[in-house]
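Chemist:
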Amino acid sequence: MLRMCEEHGYFRGESCPICGSDGKFLMSQQEMDSLGRIMMGILRHFPERFGLKMDEQGFVDISQLVQAIRRSRSRRFRWLRPNHVIALAETDPKGRYQIEGNAIRATYGHTIKIEDLELPTGDVPDYLYFPTSEEEAELLLERGIKPTDRAMVHLSKTYQNAYEAGSVKIENPIIIR
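Residues in the sequence shown are numbered from 3 upward in steps of one, following our numbering.
(1) For the beta strand (DSSP E) that residue 102 lies in, which residues bound it at each end?
(2) Run through DSSP, which three-state label would residue 57 get?
(3) With distances taken from CA atoms, which of 37, 95, 28 and 30 is nearest residue 167?
(4) Exposed or buried, which one is residue 30 when buried takes at least 16 other CB atoms within 10 Å?
(5) Helix or strand or just coil, what does DSSP make of residue 35?
(6) Just how far apart, CA to CA, sit residue 85 and residue 47?
(7) With a cut-off of 8 Å, do at least 3 Cβ pairs link the stretch 124-142 to the stretch 73-93?
(8) Enumerate in chain order the residues of its own chain whose CB-to-CB distance from residue 117 is below 7 Å, with the five nearest sequence positions on each side excluded.
(9) Mapping DSSP to helix, strand and coil, what is residue 41?
(10) Which residues in the same chain as residue 161 place their Cβ atom closer than 6 Å to its Cβ, once the five residues preceding and following it in sequence are excluded?
(11) Taking DSSP as the reference, what is the three-state secondary structure of residue 131?
(12) Which of helix, strand or coil does DSSP assign to residue 168?
(13) Rounded to a whole number of angstroms, what is the C-alpha to C-alpha distance between residue 77 and residue 27?
(14) Can the beta-carbon of residue 62 be found closer than 7 Å to that of residue 87?
(15) Using three-state DSSP, classify residue 27 as helix, strand or coil.
(16) Once you ignore the five residues that flank residue 172 on each side, which residues in its own chain have a CB closer than 8 Å to its CB?
(17) Taking the DSSP output, what are the residues bridged to residue 4?
(18) Quick one: Cα of residue 125 to Cα of residue 109, how far?
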């Protein structure tokens, strides 16, 4: 569940992790999952289907994104406002979104070409992790990791995050460091 504490901002869960306040309800887990899937589709793969144009860094205007989702999914998301998109992005545990001013973009997983992604690099750890299958691990170690169906390779900051990402398509992923 996504909520907003008057004092501490947006949070996921039943109560503010800082003060314990219930805060104001913004959306259910099901609504978060559904909105997140739509936003990822738009921001990573098909902005044109929703009548949106990205700038050269992959950003779209948040208000335009909200209007596009409301138009195409009018019954399910007639309540959607920019603060819902901002709350979802700011509390995303996987860091899938970046907000700058009034614009938002996906930080990874694009199948469309982004000319100038320029992601922040200040908090990159010494080691990054990549999930793969047992069959492909040796080949990747020999030839290196290259993008396949995406524009770039997604590396995870932690072993656990890589395992979770790999588990979407592979039953027991091998994690390369």
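No residue lacks a Cβ here, since even glycine has one placed at the ideal position from N, Cα and C.
Computed from a predicted structure; not experimentally measured.
Modeler: The short version:
(1) 99-102
(2) coil
(3) 95
(4) exposed
(5) helix
(6) 23 Å
(7) no
(8) 58
(9) helix
(10) 131 and 177
(11) strand
(12) helix
(13) 19 Å
(14) no
(15) strand
(16) 133, 134 and 135
(17) 14 and 29
(18) 14 Å
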